[in-house]
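Under UniProt numbering, the first residue of the sequence shown carries the number 1, and numbering increases by one thereafter.
Report on one structure; see the data block that follows.
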Amino acid sequence: MKPNSRALLMLLSLRLLSASLLHARMPSPTATPRTRALACSFPSRPDHIEEMLEGLASGEAQLLDVREHAEALAGKLQLAQLAPLSELQRGVPPPLPLPRDKITYIHCAAGIRVHYAAPILQAMGFERVVPLQEGFAALRAMGMKVEPGEE
């Protein structure tokens with residue numbers, strides 16, 4: 001085989017391999033552009049999300065949504081309790097009496113407000129607070145069920 005033929009064969013092999021890998025990560029064709037982008041970013045759930053889901057299923061953990069009421073009108077994760085950051089900042093505890101000794105995962109829209117909410121919850125007596133870097137859209141794209149918001 002000539003050197004140019006080898007190089008061409010190698011190039012074609014690499015293109016086929018990269019195309020097959022890209023195709024394997026593509027989401028459903030009926031998904032919205034934003035969902036498609038997020039699905040490509042998260043080919044599988046990270047380990048800490050799997051661990052959180054196991055804790056929620058076993059009752060060893062709880063999930064708080066620190067987005068505001070207006071944001072939750074568009075929907076919220078089924079497993080989450082709403083505890084808006086603005087209310088936490090005013091000293092209002094989460095609406096339901098929640099156990100303070102469970103692992104408490106917190107999420108918001110983009111993974112920023114959770115870092116403001118975490119020390120507030122710890123000051124309220126929550127012993128193990130875990131702020132999630134994944135926001136609402138990313139968690140939904142990872143397959144977490146969403147319930148419609150209430151108006």
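Cβ coordinates follow ideal geometry from the N, Cα and C atoms, glycine included.
Spatial distance of residue i from residue j (CA atoms)
i, j, result
"Leu-53", "Arg-45", "10 Å"
"Ala-83", "Arg-67", "7 Å"
"Pro-148", "His-48", "26 Å"
"Ser-58", "Glu-50", "12 Å"
"Arg-140", "Gly-75", "10 Å"
"Arg-90", "Val-130", "21 Å"
"Met-142", "Asp-65", "16 Å"
Residue burial classification, residue i (beta-carbon count within 10 angstroms, cutoff 16)
i, result
"Leu-121", "buried"
"Ile-62", "Here residue 62 is Gln; the residue named in the question, Ile, does not match the sequence. With 16 or more other Cβ atoms within 10 Å, it is buried."
"Pro-94", "buried"
"Ala-138", "buried"
Contact set for residue i: own chain, Cβ-Cβ below 6 Å, skip 5 residues either direction
i, result
"Arg-128", "Ile-103"
"Pro-99", "none"
"Met-144", "Leu-77"
CB of residue i within 8 Å of CB of residue j, strictly
i, j, result
"Leu-56", "Leu-79", "yes"
"residue 160", "His-115", "One cannot answer for residue 160 here, as it falls past the ends of the chain, which runs 1 to 151."
"Ala-117", "Leu-73", "no"
Same chain only: Cβ atoms within 7 Å of residue i, ignoring 5 sequence neighbours per side
i, result
"Leu-132", "Tyr-105, Ile-106, His-107, Gly-111 and Val-114"
"Met-124", "Pro-93"
"Ser-86", "Glu-68"
"Glu-71", "Ala-109"
"Glu-60", "Lys-102 and Ile-103"
8 Å Cβ shell around residue i - same chain, five flanking residues per side excluded
i, result
"Asp-101", "Glu-127 and Arg-128"
"Arg-146", "Correcting the residue identity first, residue 146 is Val in this sequence and not Arg. So the list reads Gly-75, Lys-76, Leu-77, Gln-78 and Arg-140, once near-sequence residues are dropped."
"Gln-81", "Gln-62, Leu-63, Leu-64, Asp-65, Pro-94, Pro-95, Leu-96 and Leu-98"
CB contact check: residue i to chain C, cutoff 8 Å
i, result
"Glu-68", "In summary, chain C is missing from the structure at hand, where a single protein chain is found."
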